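Trainee:
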Amino acid sequence: MKRAFKVLGITVLLLAAYLLFWPVPLDPVAWNAPEDKGYVGDFAPNTKLANLELLDIGDIHGPEDVASREIDGELYLFVSSQDGLIRQINAASGDVTTFADTGGVPLGLEFDTDNNLIIADAFEGLLSVTPDGTVTTLTNNINGSPILYADDLDIDPKGIIYFSDASVNFGAKAAGQTMKGSLLEIMEHGRTGRVLAYNPKTQKTTLIMDNLSFSNGVAMGPKGKSILVNETGEYRVHRIWVKGPKKGQSKVIIDNLPGFPDNINQAPNGDYFVGLVSRRAKMLDDMSASPFMRKLAWRLPEFMKPKAVGYGFIIQMDAAGQVKQTWQDPSGAYPLTTGAHAPGDGFLYISSLGSDKLGRMPFNQ
Numbered sequence: 324m325k326r327a328f329k330v331l332g333i334t335v336l337l338l339a340a341y342l343l344f345w346p347v348p349l350d351p352v353a354w355n356a357p358e359d360k361g362y363v364g365d366f367a368p369n370t371k372l373a374n375l376e377l378l379d380i381g382d383i384h385g386p387e388d389v390a391s392r393e394i395d396g397e398l399y400l401f402v403s404s405q406d407g408l409i410r411q412i413n414a415a416s417g418d419v420t421t422f423a424d425t426g427g428v429p430l431g432l433e434f435d436t437d438n439n440l441i442i443a444d445a446f447e448g449l450l451s452v453t454p455d456g457t458v459t460t461l462t463n464n465i466n467g468s469p470i471l472y473a474d475d476l477d478i479d480p481k482g483i484i485y486f487s488d489a490s491v492n493f494g495a496k497a498a499g500q501t502m503k504g505s506l507l508e509i510m511e512h513g514r515t516g517r518v519l520a521y522n523p524k525t526q527k528t529t530l531i532m533d534n535l536s537f538s539n540g541v542a543m544g545p546k547g548k549s550i551l552v553n554e555t556g557e558y559r560v561h562r563i564w565v566k567g568p569k570k571g572q573s574k575v576i577i578d579n580l581p582g583f584p585d586n587i588n589q590a591p592n593g594d595y596f597v598g599l600v601s602r603r604a605k606m607l608d609d610m611s612a613s614p615f616m617r618k619l620a621w622r623l624p625e626f627m628k629p630k631a632v633g634y635g636f637i638i639q640m641d642a643a644g645q646v647k648q649t650w651q652d653p654s655g656a657y658p659l660t661t662g663a664h665a666p667g668d669g670f671l672y673i674s675s676l677g678s679d680k681l682g683r684m685p686f687n688q
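With this note's numbering applied, the sequence shown covers 324 to 688.
1) The alpha helix (DSSP H) with Leu507 in it runs from where to where?
2) If distances are taken between C-alpha atoms only, which option among Met606, Ile637 and Thr421 comes closest to Glu358?
3) Select from Asn592, Leu506 and Arg622 the residue whose C-alpha is nearest the C-alpha of Gly516.
4) For the alpha helix (DSSP H) containing Lys647, name the first residue and the last one.
5) Give the straight-line distance between the Cα atoms of Lys570 and His561, rounded to the nearest whole angstrom.
6) Per DSSP, Gln405 is paired with what?
7) What is the C-beta distance between Asp679 and Ile380, in whole angstroms, given that I count them as a contact (C-beta under 8 Å)?
8) Assign Asp477 to one of three DSSP states: helix, strand, or coil.
9) Per DSSP, Asp444 forms a beta bridge with which residues?
10) Assuming Leu461 and Leu450 are in contact, meaning their beta carbons sit under 8 Å apart, how far apart are those beta carbons, in whole angstroms?
11) Let me make sure I understand the geometry here. Which of Val552, Pro454, Glu511 and Pro523 has the alpha-carbon closest to that of Ile531?
12) Return the bridge partner residues of Tyr672 from the DSSP annotation.
13) Tell me which residue opens and which closes the alpha helix (DSSP H) that Leu607 is part of.
14) Are the beta-carbon atoms belonging to Phe446 and Arg392 less than 8 Å from one another?
15) Cα separation between Pro581 and Ala423?
16) So, under 8 Å CB-CB, Ile409 and Ser403 are touching, yes? Tell me the CB distance rounded to an integer number of Å.
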């Protein structure tokens, strides 16, 4: 019996030593998470996102973003994936073909005026794919600093590409997957995310804004004078002026969201669709001011760590951050909703980080 107690005591001591002292890859920074008010007011629950029609995208998963264009009079959808492939889908027939393979993890997608598909690839940087599927790298560093987590982008009327680099410290490739890289950056809260601009004419990459906690979705603001950027780790959206008398200024247009904002895309009427990929994690908010507790939490078994929790959620808001409506599915049946795209064919296409299908629902605006 004494031997058993001795073994138990040693085991407890070793476990305590592990939880307290084992090295972790992050160095958490204290901050104060805003009180999570939950699904109230503009965010009151509904089920308008439930029972989505699910479109086949082939043997890939994680259609993180959707872009579209007409080819010979027919509308085609282009979806990214966690598998490196870009799939092309005929919106009317549902026929699926492989458009390109980036060799990385393509996330944000947008077409330029020459019908090149511009891609923010979490492993490879900012890429361009010609209409025939040829992939080239536009930029993967800024002044020698590698772009480790290209996430989303948009293109201004003159061709300047604005895109997010979600983390300088935790590259998606080094982490092994985009989800782990995002959790490391958000858990550390070192605010190493940044927003960059690439000029195709000069081939120069410049810094627009830094000190962001996982910079994510990017969309052009009204008249191309500003950009809207989702800051996932702080549950908010910034408007950053890139032209005109307010150039260099920024303001938070909506904050204390009830979930983690992912993509942002412009709606046909000039509003914006913002996807919340997961509901907020109480454990993460409660530990926000305690770097020690977040280090301890990282040492826990995977099943005990904070993780994404399914709750389908799309916000429609204007450029000032005023919420117009939301689509929700509390069941999270369509997992990890990242955003929405309305190409004008009578449907709203819903993207996902975890599904092996592309969701859509009727939409006329």
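Cβ atoms here follow ideal geometry from the backbone N, Cα and C, with glycine treated the same way.
Treat the numbers as computed from the prediction; the structure is a model and nothing was measured.
Mentor: So, from the listed chains and residues:
1) Reading the sequence shown from its first residue, position 184 is the one you call residue 507. Residues Thr501 to Glu511.
2) Counting from one through the sequence shown, the residue named residue 358 turns up at place 35. Considering only alpha carbons, the answer is Met606.
3) Here residue 516 corresponds to residue number 193 of the sequence shown, with the count starting at 1. In terms of Cα proximity to Gly516, the closest of Asn592, Leu506 and Arg622 is Leu506.
4) Counting from 1 along the sequence shown, the entry for residue 647 is found at position 324. Segment Val646 to Asp652 is the beta strand (DSSP E) holding Lys647; no alpha helix (DSSP H) there.
5) Walking along the sequence shown from the start, residue 570 turns up at place 247. Walking along the sequence shown from the start, residue 561 turns up at place 238. Roughly 14 Å separates the two Cα atoms.
6) Taking the first residue of the sequence shown as 1, we reach residue 405 at position 82. In the DSSP output, where bridge partners are listed per residue, Gln405 has none listed.
7) Counting from 1 along the sequence shown, the entry for residue 679 is found at position 356. Counting from 1 along the sequence shown, the entry for residue 380 is found at position 57. Yes, they are in contact, since the Cβ atoms of Asp679 and Ile380 sit about 7 Å apart, within 8 Å.
8) Along the sequence shown, read from residue 1 onward, the residue named residue 477 stands at position 154. In this structure, Asp477 counts as strand in the three-state DSSP scheme.
9) As a working mapping, residue 444 is identified with position 121 in the sequence shown. According to DSSP, Asp444 bridges with Pro429 and Gly448.
10) Taking the sequence shown and counting its residues from 1, one reaches residue 461 at position 138. Taking the sequence shown and counting its residues from 1, one reaches residue 450 at position 127. Indeed they touch by this definition, with Cβ atoms about 6 Å apart.
11) The count along the sequence shown starts at 1 and reaches residue 531 at position 208. Of Val552, Pro454, Glu511 and Pro523, the residue nearest in Cα terms is Val552.
12) Within the sequence shown, the letter at position 349 stands for residue 672. Beta-bridge pairing links Tyr672 to His664 and Arg683.
13) Translated into the one-based positions of the sequence shown, residue 607 becomes position 284. Taken as a continuous stretch (DSSP letters only), the alpha helix (DSSP H) holding Leu607 covers Lys605 to Asp609.
14) Here the question's residue 446 lines up with position 123 in the sequence shown. Here the question's residue 392 lines up with position 69 in the sequence shown. The Cβ atoms of Phe446 and Arg392 do not sit closer than 8 Å to each other.
15) To locate residue 581, count along the sequence shown from 1; it is residue 258. To locate residue 423, count along the sequence shown from 1; it is residue 100. Each residue's alpha carbon lies about 36 Å from the other.
16) Taking the first residue of the sequence shown as position 1, residue 409 is located at position 86. Taking the first residue of the sequence shown as position 1, residue 403 is located at position 80. Indeed, because the Cβ distance is near 6 Å, the residues count as touching under 8 Å.
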